[in-house]
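Colleague: Protein chains in written order, with the numbering used here: chain A, 63 to 295; chain B, 39 to 157; chain C, 19 to 475. C-beta atoms are modelled at their ideal positions from N, C-alpha and C, and glycine is treated no differently.
This is the structure:
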């Protein structure tokens with residue numbers, strides 16, 4: 063169990079450090095620590111207990127907790143392969159922050175930075191950050207290109223391969239759905255492609271009940287690329 | 039309102055001393071090119087700002103204003119950092135703009151051969 | 019971009035360049051064939067120079083002459099001793115330099131630099147001509163100042179290895195650490211200034227202490243016997259040891275801190291897990307009795323050890339010493355803007371071997387020098403003006419605990435003919451909170467990969 067008050071001055075330093083070490087180092091060296099994956103029940107309970115977020119507090123944290131260094135002044139994607147956070151569903155952001163903190167999400171080097179930096183956040187902080195990003199405008203618009211090569215996959219899916227339409231969870235224009243189903247519009251193509259491949263090869267496996275990976279497993283490189291282009295802005 | 043001071047305002051000392059060093063930077067960097075200024079970044083941020091799967095931000099193709107804003111905020115301490123604050127302080131405004139122009143001129147995607155000739 | 023005329027420029031900066039050898043007019047603007055730059059040594063400095071020269075000026079032919087076919091990085095290599103990294107992890111291929119950038123390689127050892135003839139001779143009997151040669155030979159080890167060890171080979175035969183240039187030494191040290199009896203004593207002897215990787219010996223001491231603690235040795239001890247009274251990152255490192263390894267700050271080191279800062283140090287009872295015997299306390303090591311594992315100091319008495327890591331005083335790499343590039347200090351004086359030797363024309367020395375003013379002997383420094391020299395060589399060989407340089411150095415280090423990192427970050431410029439440091443703050447602030455040290459550790463791990471890619475990738 064990680065101490066969410068890790069960085070409070072009241073915590074004895076050596077103790078705080080030794081807590082941070084295990085998950086972080088084990089992950090850095092490529093070993094899986096003991097990770098408890100979500101069940102639909104456990105995640106649902108966690109999500110229902112999510113505190114009410116304060117966007118203003120979230121904005122302060124965004125600046126002070128290093129987030130802005132990589133995620134821009136308001137969650138916009140600063141580089142071509144990092145995600146857009148602006149306009150993201152609060153439940154999704156909240157879940158990712160918890161998953162980083164618990165080591166559930168650790169797919170690559172970038173994730174290591176997130177794992178380290180979120181150790182000091184408590185649930186209220188996470189809810190505040192999530193509320194701040196949710197309050198920003200999602201890039202792009204609701205216009206849909208029905209002639210796009212990926213449109214069929216988005217709106218119809220592929221029953222042969224048991225792929226439900228992306229739109230079922232993420233909306234036809236990528237606005238996101240309910241609960242933690244994220245907005246997927248407005249990301250750089252590189253980020254989208256990397257994410258889908260990580261779900262496909264299992265390096266990212268923090269989705270509840272394989273909610274994403276069960277579909278990603280069936281997608282070809284070409285399909286992933288087309289989807290990235292479809293949902294990019 | 040919760041006033042949790044998680045992060046120290048520790049760069050204040052550096053900022054107050056900054057003017058001296060910025061003056062130094064201008065004086066000693068006359069004619070310094072973007073290429074020259076930007077090579078200092080590459081040791082962490084990748085050759086020509088290209089870097090994949092890293093804790094460090096890729097800089098290739100970064101929007102000029104993004105770059106400048108980030109460096110200015112690192113320098114004045116309004117965006118906390120580990121070491122970017124002191125480094126940003128050691129470069130003049132002209133150099134930071136030259137770096138920004140340099141990286142903005144590269145395509146975001148790493149080219150197939152891995153780099154771009156700067157012949 | 020406004021550029022000064024090279025002569026005025028150099029004059030303005032008070033630089034010293036061997037007269038005439040690099041005057042603007044000497045650039046062979048209409049050369050019949052591609053100019054050729056030979057690079058002696060395929061370490062960080064040589065590799066960076068070669069790669070960047072091919073980026074900046076692809077028409078210049080670049081050949082690295084290096085005996086090893088694969089590089090082993092010394093930076094971060096202390097983690098091999100404690101098992102966080104393997105030899106494979108620190109071994110780097112030259113394939114990208116060769117295939118992606120078109121750098122040529124000759125795997126051989128340069129013996130003689132024929133300055134007048136612009137030729138190199140190798141142990142393998144080759145002769146290599148050059149228009150300009152970049153010597154980046156790294157370091158060599160000086161055993162003349164220690165009693166009991168006659169030479170590097172003698173020390174190694176007696177089981178005392180430095181492990182300061184990667185290689186098999188690291189595995190020897192690893193085996194020695196693992197063979198240490200429970201609650202034993204390890205001694206680390208850092209070299210005097212100047213030396214490669216200033217925070218390195220202290221990081222290593224911390225890593226050993228951490229490893230022993232994790233093995234369950236409650237009373238094991240790592241003693242640092244030093245001829246110096248301070249080191250790069252000392253402020254942060256000693257603070258970390260106080261927090262992590264029951265380290266008590268010596269009275270003589272208190273000047274590093276303000277009263278307010280000192281008040282945050284804890285006083286630990288009992289034996290520390292890391293101890294630092296400073297130069298002023300008599301910590302300079304004078305004799306090592308390898309057979310009986312006894313280390314004698316100038317004024318702090320005699321220590322019995324179970325493991326001794328003696329890192330001797332350093333000098334420039336052999337090829338620089340043997341070819342009149344080093345002065346009486348054992349290091350190579352160079353122009354601060356072009357890194358051209360002040361002793362011989364058309365020879366540039368970069369990396370640990372050169373005297374670069376305020377710049378440390380570090381991988382990042384060598385990398386920064388290599389890039390600046392690539393810009394300057396393009397001008398010198400293809401025509402154009404020498405550029406105003408700026409240099410940088412960043413060194414990350416661990417306190418021992420691999421979740422507790424620190425760094426030094428500096429920017430350097432040329433002023434009055436010297437390379438000077440121009441940044442205000444170099445370390446994490448004293449009152450930085452734990453997550454900052456944790457982030458520094460994460461960046462330390464990331465840096466190993468990112469930096470390696472910039473040099474060799």
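Using the Cα positions of residue 104 (chain A) and residue 264 (chain A), report the straight-line distance between them to the nearest angstrom.
Modeller: Answer to the nearest angstrom: the Cα atoms are 21 Å apart.
Colleague: Are the C-beta atoms of residue 464 (chain C) and some chain A residue less than 8 Å apart?
Modeller: With 8 Å as the cut-off, residue 464 (chain C) counts as an interface residue toward chain A.
Colleague: Could you please tell me which residues of the segment 129-149 of chain A, in chain order, have their CB closer than 8 Å to any CB of chain B?
Modeller: Those residues of the segment 129-149 of chain A that come within reach of chain B (Cβ to Cβ, closer than 8 Å) are 130, 131, 132, 134, 135, 140, 141, 142, 143 and 144.
Colleague: Closer than 8 Å, CB to CB, is residue 181 (chain A) near chain C or not?
Modeller: With 8 Å as the cut-off, residue 181 (chain A) counts as an interface residue toward chain C.
Colleague: Less than 8 Å separating the beta-carbons of residue 322 (chain C) and residue 312 (chain C)?
Modeller: Yes. Within cutoff.
Colleague: Suppose contacts are defined by Cβ-Cβ distances below 8 Å. Is residue 223 (chain C) in contact with residue 108 (chain C) by that definition?
Modeller: Contact flag unset, no.
Colleague: Any residues in the segment 161-179 of chain A with a beta carbon nearer than 7 Å to a beta carbon of chain B? Which ones, in chain order?
Modeller: So the close ones are 170, 171, 172, 174 and 175.
Colleague: Who pairs with residue 423 (chain C) in a beta bridge, going by DSSP?
Modeller: BP columns for residue 423 (chain C) point to C:416.
Colleague: Between residue 213 (chain C) and chain B, is the shortest Cβ-Cβ distance under 8 Å, so that the two count as touching?
Modeller: Judged by the 8 Å Cβ criterion, residue 213 (chain C) is not in contact with chain B.
Colleague: Can you say whether residue 394 (chain C) is buried or exposed, counting buried as having 16 or more other CB atoms within 10 angstroms of its CB?
Modeller: Label assigned to residue 394 (chain C): buried.
Colleague: Express the C-alpha separation of residue 134 (chain B) and residue 344 (chain C) in angstroms, rounding to a whole number.
Modeller: Whole-angstrom Cα-Cα distance: 37 Å.
Colleague: Please tell me whether residue 424 (chain C) and residue 254 (chain C) are closer than 8 Å, where the distance is taken between their beta carbons.
Modeller: The answer is yes: Cβ separation under 8 Å.
Colleague: Rounded to the nearest angstrom, how far is the Cβ of residue 156 (chain A) from that of residue 189 (chain A), given a contact under 8 Å?
Modeller: At roughly 6 Å, the Cβ-Cβ gap stays under 8 Å, so residue 156 (chain A) and residue 189 (chain A) are in contact.
Colleague: For the segment 121-129 of chain B against the segment 421-441 of chain C, do three or more pairs of beta-carbon atoms, one drawn from each stretch, fall closer than 8 Å, so that the two count as touching?
Modeller: The segment 121-129 of chain B is in contact with the segment 421-441 of chain C.
Colleague: Between the segment 406-430 of chain C and chain B, which residues of the former have a C-beta closer than 7 Å to a C-beta of the latter?
Modeller: Residues passing the 7 Å Cβ filter: 406, 407, 408, 410, 412, 425, 427 and 429.
Colleague: Around the C-beta of residue 285 (chain C), are 16 or more other C-beta atoms found within 10 angstroms, so that it is buried, or is it exposed?
Modeller: Flag for residue 285 (chain C) reads exposed.
Colleague: Among residues of its own chain, excluding the 5 on either side of residue 418 (chain C), which ones have a beta-carbon nearer than 7 Å to its beta-carbon?
Modeller: Closer than 7 Å at the Cβ level, and outside the excluded window around residue 418 (chain C), lie 224, 225, 227, 228, 262 and 263.
Colleague: Using CA atoms only, rank isn't needed, just tell me which of C:474, C:131, C:142 and C:150 is closest to residue 396 (chain C).
Modeller: Out of C:474, C:131, C:142 and C:150, C:150 has the C-alpha closest to the C-alpha of residue 396 (chain C).
Colleague: Under a Cβ-count criterion, where at least 16 other Cβ atoms within 10 Å of its own Cβ denotes burial, should residue 193 (chain A) be classed as buried or exposed?
Modeller: Result: buried.
Colleague: Looking only at its own chain, which residues have a Cβ that is under 7 Å from the Cβ of residue 61 (chain A), when we skip the five neighbours before and after it?
Modeller: Outside the modelled stretch of chain A, which goes from 63 to 295, sits residue 61 (chain A), for which no answer is possible.
Colleague: Give me the subset of the segment 370-401 of chain C whose CB atoms are less than 8 Å from a CB atom of chain B, sorted by chain position.
Modeller: Flagged, chain order: 382, 385, 386, 389, 390 and 393.
Colleague: Figure out for me which residue from C:60, C:64 and C:52 has the closest Cα to the Cα of residue 391 (chain C).
Modeller: Comparing Cα positions, the closest option is C:64.
Colleague: Mind pulling the chain B residues with CB within less than 7 Å of residue 446 (chain C)?
Modeller: Those are 120, listed as they occur along chain B.
Colleague: Is residue 263 (chain C) helix, strand or coil by DSSP?
Modeller: Reduced to three states, the DSSP call for residue 263 (chain C) is coil.
Colleague: Could you check if residue 281 (chain A) is buried or exposed, using at least 16 other CB atoms within 10 Å of its CB as the buried criterion?
Modeller: So residue 281 (chain A) ends up on the buried side.
Colleague: Note down the Cα distance separating residue 252 (chain A) from residue 88 (chain B), rounded to an integer number of angstroms.
Modeller: Between residue 252 (chain A) and residue 88 (chain B), the C-alpha separation is close to 13 Å.
Colleague: Would you say residue 125 (chain A) faces chain B, with C-beta separation under 8 Å as the test?
Modeller: Output row for residue 125 (chain A): interface = yes.
Colleague: Just the chain A side, please: which residues come within less than 9 Å of residue 109 (chain B) by C-beta, in chain order?
Modeller: Residues of chain A passing the Cβ test: none, with the nearest at roughly 11 Å.
Colleague: How would you write the range of the alpha helix (DSSP H) that residue 322 (chain C) sits in, first residue to last?
Modeller: Here residue 322 (chain C) belongs to no alpha helix (DSSP H); instead the beta strand (DSSP E) covers 320-322.
Colleague: Nearest chain C C-beta to residue 235 (chain A) closer than 8 Å, yes or no?
Modeller: By this cut-off, residue 235 (chain A) is not an interface position.
Colleague: With contact counted as at least three CB pairs below 8 Å, one residue from each stretch, are the segment 361-379 of chain C and the segment 181-197 of chain C in contact?
Modeller: No, they do not touch.
Colleague: Cutting at 8 Å between CB atoms, please list the residues of its own chain near residue 85 (chain B), excluding the five before and the five after it.
Modeller: 153.
Colleague: CB-CB under 6 Å to residue 90 (chain B), same chain, minus the five flanking residues each way: which ones, in chain order?
Modeller: Counting only Cβ-Cβ distances below 6 Å, and skipping sequence neighbours, we find nothing.
Colleague: Compare the C-beta of residue 89 (chain C) with all C-beta atoms of chain B and state if any pair is closer than 8 Å.
Modeller: It does not: the Cβ of residue 89 (chain C) has no partner Cβ on chain B nearer than 8 Å.
Colleague: Pull up the CB-CB distance for residue 333 (chain C) and residue 157 (chain C), whole angstroms please, since I reckon it's below 8 Å.
Modeller: Confirmed, Cβ separation roughly 7 Å.
Colleague: Okay, do the segment 67-76 of chain B and the segment 112-119 of chain B touch, 3+ Cβ pairs below 8 Å being the bar?
Modeller: Contact between the segment 67-76 of chain B and the segment 112-119 of chain B is absent, because fewer than three Cβ pairs lie under 8 Å.
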